[in-house]
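Chains as they are written, first to last, in the working numbering: chain A, 1 to 244; chain B, 245 to 488.
Just so it is clear, CB atoms sit at the ideal spot from N, CA and C, and this is done for glycine as well.
Bear in mind that the values here come from a model prediction, so they are computed numbers and not experimental data.
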DNA sequence: CTCATCAACTGGTATGATCAGTTGATCATT
DNA sequence: AATGATCAACTGATCATACCAGTTGATGAG
């Protein structure tokens, strides 16, 4: 019903504005940012705010700062890390970039079977028990939305089972990217979420430590769910193309 | 021969110190950072420097800042993005964390075949030509080290061919992590790098747009190379365990 | 016990001065 | 002409000191 009022600090605003200009290529790699003192004037904020915003750009791999020289824009495709996905998925006009969406779904599709396989090899007993608990909740749940959340939790848990920190961090980055548009996907994933059987099969294989079966079941599930999204994106692209 | 002298800014120093304490769990999730004014005293720097450092921590997903309240440490395993890998691979004493190394190699192993498959589907003609050029250089090259660099370039190019921004950003994050210890791996990868045949087969499949073959060849190559690293890590772990 | 108030924290913003690298023009030396 | 010193004019980096704004918990009136 209610939601927390958004309040953005000045440095965040600075970061956002510059980030948007960079990812939209209004500022191209090699371009030089205005000097901090000039940015203060342009954005009408104090220099500290500008510097803090730039520090974040630097941390995100979007700019290079050199003492004494100008701050230059980097090629984010070559330099930035996976967390930039969240910035790329939705463009400046609020439209979902279908190419980015495809990329995310595709990467998830590529990783999921291997995550399940590693989960089967590496899970601890408590982790396996947690999978069981989630499965039980899924069986008991009737609402689609809740089921979807449980499905995501199930995957998070599988990632934890895999004992692979890279998988986990990558999933964090991907989650950050699609979280804001999750409600768009409800209904789209309805069919695959109702398929509790796949989750049961995966859980069983993970319990048994059966890599092969875990991988296979996960692949079956994730391929179907990915395909649904790809088809939706096809339609979405055609719709956008028609409105040009 | 020569290398650029390193110089670290104060805010970077602040960031590094806090980051190290967080990833080493000296500061646990939920812990509160000292107030900015206190940190100034402790670190003997200006408050601006402290704030800039904290902005970077915030950007990295390591802390949560609340106006009026204390800055709290987040659970980086649950919150941070993939670029944190670089911070995790080497611990505070300069030792490589083999669990993290395994994670990286495993993720690379999981992604590479799919990258090759997508490259076969999506490559442009110029990208395919670039693969050819790299392959030619590899054939001509005799030094192991140079070959290794070319091999990495080849993979970067494949990622570019895949037209998948998520793959690309993920690879950036992983590269940042292992780049600093690349020289440790020379020799380890010697055998797989000398195997130009695999690269030829992948290139050919990508040219032909043959997803299946591209995936298969890539898998063959990456599995062998990963296996070599895993065996090394086994030995490395036993060596470390023996010295306890 | 409830609730308003307020003091004492916390982070956020503002200003202005100064330190410290970088760059390019200038000019004397070779 | 080539080299290297010097200097002015940028750039970012650091500092000190205010003050604004949100949070928290103790205090005290009702």
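Return helix, strand or coil for residue 344 of chain B, following the three-state DSSP convention.
-> Residue 344 of chain B: helix per DSSP, three-state reduction.
Taking the continuous alpha helix (DSSP H) assigned at residue 172 of chain A, which residues delimit it?
-> Membership of residue 172 of chain A in the alpha helix (DSSP H) is indicated by the continuous run 165-178.
Out of curiosity, what's the CA-to-CA distance linking residue 257 of chain B and residue 60 of chain A?
-> Taking the straight line joining both Cα atoms gives about 17 Å.
Provide the residue span of the alpha helix (DSSP H) that contains residue 197 of chain A, from first to last.
-> Where residue 197 of chain A is concerned, the enclosing alpha helix (DSSP H) stretches over 196-208.
If the cut is a Cβ gap below 8 Å, which residues of chain A does residue 409 of chain B touch?
-> Near residue 409 of chain B (Cβ distances below 8 Å), the residues of chain A are 77, 85, 88, 99, 100 and 103.
Pick helix, strand or coil for residue 63 of chain A, following the three-state DSSP scheme.
-> Assignment of residue 63 of chain A by DSSP, reduced to helix, strand and coil, places it in the strand class.
Mind checking if residue 483 of chain B is an interface residue toward chain A, Cβ cutoff 9 Å exclusive?
-> Taking Cβ atoms only, chain A never reaches closer than 9 Å to residue 483 of chain B, which makes this a no.
Note the first and the last residue of the continuous alpha helix (DSSP H) segment covering residue 75 of chain A.
-> In this chain, residue 75 of chain A is not harboured by any alpha helix (DSSP H), its DSSP state being neither H nor E.
Validate contact between the stretch 264-272 of chain B and the stretch 281-288 of chain B using beta carbons, cut 8 Å, 3 pairs = Verdict: no, contact absent.
From B/463, B/467 and B/327, pick the residue whose C-alpha is nearest to that of residue 419 of chain B; which is it?
-> Nearest in C-alpha terms to residue 419 of chain B, of all of B/463, B/467 and B/327, is B/327.
Whose C-alpha, out of B/383, B/386, B/346 and B/451, is nearest the C-alpha of residue 475 of chain B?
-> Ranking the options by Cα distance to residue 475 of chain B, first place goes to B/346.
In the DSSP assignment, find the unbroken alpha helix (DSSP H) run with residue 396 of chain B in it and report its ends.
-> Unbroken alpha helix (DSSP H) run through residue 396 of chain B: 388-406.
Distance, residue 400 of chain B Cα to residue 4 of chain A Cα | Computed Cα separation, rounded: 42 Å.
Please list the partners that residue 172 of chain A has in chain B, where partner means a Cβ-to-Cβ separation under 8 Å.
-> Neighbours of residue 172 of chain A across chain B, judged by C-beta separation under 8 Å: 305, 322, 323, 324, 325 and 326.
Tell me whether residue 315 of chain B is buried or exposed, calling it buried when 16 or more other Cβ atoms sit within 10 Å of its Cβ.
-> The C-beta of residue 315 of chain B has 16 or more other C-beta atoms within 10 Å across all chains shown, which makes the residue buried.
Taking residue 371 of chain B as the reference, give the member of B/402, B/277 and B/324 with the closest Cα.
-> Comparing Cα positions, the closest option is B/402.
At which residues does the alpha helix (DSSP H) containing residue 15 of chain A begin and terminate?
-> Element bounds for residue 15 of chain A: 10-23.
With residue 120 of chain A and residue 210 of chain A assumed to form a contact (beta carbons below 8 Å), what rounded beta-carbon distance in angstroms separates them?
-> Your pair residue 120 of chain A and residue 210 of chain A checks out as a contact, with CB atoms roughly 6 Å apart and the cut at 8 Å.
Could you tell me which residues DSSP puts in a beta bridge with residue 334 of chain B?
-> Residue 334 of chain B is bridged to B/340.
Would you be able to state if there are at least three C-beta pairs under 8 Å between the stretch 138-158 of chain A and the stretch 180-197 of chain A?
-> Yes: at least three Cβ pairs fall under 8 Å.
Which residues in the same chain have their Cβ closer than 6 Å to the Cβ of residue 275 of chain B, if we skip the five residues on either side of it in sequence?
-> Here the set comprises 317.
Assuming residue 392 of chain B contacts residue 430 of chain B under a Cβ cut-off of 8 Å, what Cβ separation, rounded to an integer in Å, is found between them?
-> About 6 Å separates the two Cβ atoms, so the contact holds.
Counting contacts by CB-CB distance shorter than 9 Å, is residue 169 of chain A in contact with chain B?
-> Interface residue, yes.
With DSSP as the reference, label residue 434 of chain B as helix, strand or coil.
-> DSSP places residue 434 of chain B in helix when its eight states are reduced to three.
Paired residues, beta bridge with residue 32 of chain A - DSSP | Paired residue(s): A/72.
Mapping DSSP to helix, strand and coil, what is residue 248 of chain B?
-> Coil at residue 248 of chain B, not helix or strand.
Beta carbon of residue 36 of chain A, beta carbon of residue 19 of chain A: below 9 Å?
-> Cβ atoms of residue 36 of chain A and residue 19 of chain A: not closer than 9 Å.
Between residue 462 of chain B and the rest of its own chain, which residues show a CB-CB distance below 6 Å, the 5 nearest in sequence each way excluded?
-> For residue 462 of chain B, where only same-chain residues beyond five positions count, the Cβ hits under 6 Å are 356, 357, 360 and 446.
Have a look at B/426, B/444 and B/375 and flag the residue whose alpha-carbon is nearest the alpha-carbon of residue 473 of chain B.
-> For residue 473 of chain B, the closest of B/426, B/444 and B/375 by C-alpha to C-alpha distance is B/426.
Partners in chain B for residue 132 of chain A, counting only beta-carbon separations shorter than 7 Å | Near residue 132 of chain A there are no residues of chain B at all, since even the closest Cβ is about 21 Å away, more than 7 Å.
Mind listing which residues of the stretch 273-301 of chain B have their C-beta closer than 7 Å to chain A's C-betas, in chain order?
-> Among the residues of the stretch 273-301 of chain B, those with a Cβ less than 7 Å away from any Cβ of chain A are 292, 295, 296, 299 and 300, in the order of the chain.
What's the call for residue 93 of chain A, buried or exposed, on a 16-neighbour Cβ count within 10 Å?
-> Flag for residue 93 of chain A reads exposed.
Quick one: is residue 160 of chain A buried, meaning 16 or more other Cβ sit within 10 Å of its Cβ, or exposed?
-> By the neighbour-count rule (16 or more Cβ atoms within 10 Å), residue 160 of chain A is buried.
Closer than 8 Å, Cβ to any Cβ of chain B: which residues of the stretch 117-147 of chain A, in chain order?
-> Listed by position along the chain: 118.
Hey, could you find the ends of the alpha helix (DSSP H) residue 459 of chain B is sitting in?
-> Where residue 459 of chain B is concerned, the enclosing alpha helix (DSSP H) stretches over 455-486.
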